[in-house]
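Accompanying notes for the structure given below.
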Amino acid sequence: TTALENGHDRDYYQQAEAGTPILMDDINTMWVWIPRYEYDYVSIQTAGGVSSVSSNKTVYLNPGEIKIKFISTDVTSADEADYKVHPAFDFGGEQLEGFWYGKFETSPNEACSSSSTCNVTTLKPKIIPSATSWRYINVANAFTVSQMMENENATEYGFNGDGSIDTHMSKNSEWGAVAYLSQSKYGKYENKTYDVNSKEVTQNSCSGFTTGLAACSQTYESTDGQKASTTGNITGVYDMSSGTYEYVMGALDDGTGMPKSGKDTVYNSGFNGVLDSGDQVSNGRPLPNAKYYDLYTTNLATSCTQNGECYGHALSETAGWYEDYQTFVTSSSPWFSRGGGGRDSVLSGVFFFSDSYGYPVGNSSFRLVLAPIEG
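Position one of the sequence shown corresponds to residue 26 (this note's numbering), numbered consecutively onward.
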């Protein structure tokens, strides 16, 4: 956490006695640690339990446990045949011990209400409860402001700017890593407060796009509000079930080994379809390094990664869990959206996925990730 302009500064809290409360007005980001793990990908096929068919798709109303074991960075291949190391902890070849995930959907530091005022990089991200989610921003600008946290705006967030961290927009696989934890013994699934019919992460179904709510009045710290956390208590991640749709860095291959940007249509993600060469461009932002996005080679969940199943991404393995909506990306709508929106009723959820254009709309936001790296 770091101080906002009108509150106590960071030095004040660093020098304060243990137990000194940190005022909410002095916080601009809140994060949840997601530790490195491997999961039993074989048993996940049967964890769905009893199924039924809805709209010609298989759904599971009460899916079972995803078995998880925490591991160190020395473990790059699972130590049991039925397990896989979750792919979210491989960051472009660097093995992460874990990453910090935005506790709430991202909000802007100043109010905005349209693409003309929100689809910009001059605003700065916040991750706090009871704020309005940052909407009307395309994928490219959302990714850009996430990167600016660690460089241009590092001081404001208390970062050293020395390359020891990497801030970026959540990838689809990183969303999957958090979703799987919610359905494990470390998540709401195993929280004894909830019975078998209450294991699903409760929706933030408020149409006002306010972060950290269950329904429209139950705030994140309240007993009912904690039902909307991935752990079922105050320590977890919020807004992953409904709230706004969340753009993630995951897209269909355009046929050249890069994400399909939509640069030739009005539904432009903001990327210009070429790799970052360091040069400024006038027709959109260049695509970032491949470690910042997940690329899918087909529009079928069972063969989407080089004609193989994409393990760990909360796609085919968990499709239809809790009856969450499931639609894969297409060539005309190539970017993934997660979580569902406030008006989606039963269809929204942690395991929701759908296709999207990636352009600025009033019901889509994004999530931030902070990865400790060697630099």
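Where is the CB? At the ideal position from N, CA and C, for every residue including glycine.
Please classify residue i as buried or exposed, where buried requires at least 16 neighbouring CB atoms within 10 angstroms.
i, result
"Gly-303", "Legend: pLDDT at Gly-303 = 49, less than 50; position of this residue unreliable, no value from coordinates given."
"Cys-143", "buried"
"Thr-290", "exposed"
"Tyr-37", "exposed"
"Val-386", "buried"
"Gly-258", "In the sequence as displayed, the identity of residue 258 is Asn instead of Gly. Exposed: under 16 other Cβ atoms inside 10 Å."
"Gly-117", "exposed"
"Leu-206", "buried"
"Cys-241", "exposed"
"Tyr-226", "The question names Tyr, but residue 226 in the sequence shown is Val. Buried: at least 16 other Cβ atoms inside 10 Å."
"Lys-285", "buried"
"Phe-376", "buried"
"Glu-135", "exposed"
"Gly-233", "exposed"
"Phe-95", "exposed"
"Tyr-263", "buried"
Taking the DSSP output, what are the residues bridged to residue i?
i, result
"Asp-65", "Tyr-108"
"Arg-310", "Phe-296"
"Asn-87", "DSSP, once it has assigned bridges, lists no residue as partnering Asn-87."
"Tyr-317", "Tyr-317 is not bridged to any residue."
"Met-49", "Its beta-bridge partners do not exist; DSSP assigns none."
"Tyr-126", "Val-57 and Val-394"
"Arg-363", "Glu-271 and Phe-378"
"Pro-150", "Pro-133"
"Met-194", "Leu-393"
"Leu-238", "Thr-244"
"Pro-284", "Asp-278"
"Phe-116", "Glu-119"
Pull up the CB-CB distance for residue i and residue j, whole angstroms please, since I reckon it's below 8 Å.
i, j, result
"Leu-277", "Asn-324", "6 Å"
"Gly-127", "Ile-59", "Not confirmed; about 11 Å, so no contact."
"Ser-381", "Ser-358", "6 Å"
"Ile-152", "Thr-281", "That belief does not hold up - the Cβ atoms of Ile-152 and Thr-281 are roughly 35 Å apart, past 8 Å."
"Ala-315", "Gly-201", "Contact flag wrong, Cβ pair sits at about 18 Å."
"Tyr-350", "Gly-364", "Actually they do not touch by this definition, with Cβ atoms about 10 Å apart."
"Thr-131", "Pro-150", "5 Å"
"Glu-399", "Glu-119", "7 Å"
What does the alpha-carbon distance come out to for the pair residue i and residue j?
i, j, result
"Gly-345", "Val-84", "4 Å"
"Val-306", "Ser-77", "The predicted model places Val-306 with a pLDDT of 45, which falls under 50 and marks its position as unreliable, so this point remains unresolved."
"Gly-44", "Tyr-182", "22 Å"
"Ser-140", "Glu-105", "49 Å"
"Gln-40", "Thr-248", "32 Å"
"Ile-69", "Ser-97", "22 Å"
"Ser-171", "Glu-271", "14 Å"
"Thr-101", "Ser-138", "45 Å"
"Asp-34", "Asn-297", "40 Å"
"Ser-254", "Ala-179", "28 Å"
"Gly-333", "Thr-322", "9 Å"
"Asp-319", "Asp-50", "35 Å"
"Thr-157", "Val-164", "18 Å"
"Ser-294", "Gly-275", "12 Å"
"Tyr-245", "Met-283", "38 Å"
"Thr-147", "Pro-46", "31 Å"
"Ser-379", "Phe-353", "6 Å"
"Pro-133", "Ser-195", "16 Å"
"Arg-310", "Ser-389", "20 Å"
"Lys-217", "Pro-88", "16 Å"
"Leu-29", "Ala-326", "The predicted position of Leu-29 is uncertain, since its pLDDT is 43 and thus under 50; no value can be drawn from it."
Determine whether the Cβ of residue i lies closer than 8 Å to any Cβ atom of chain C.
i, result
"Tyr-38", "No chain C is present in this structure, which holds just one protein chain."
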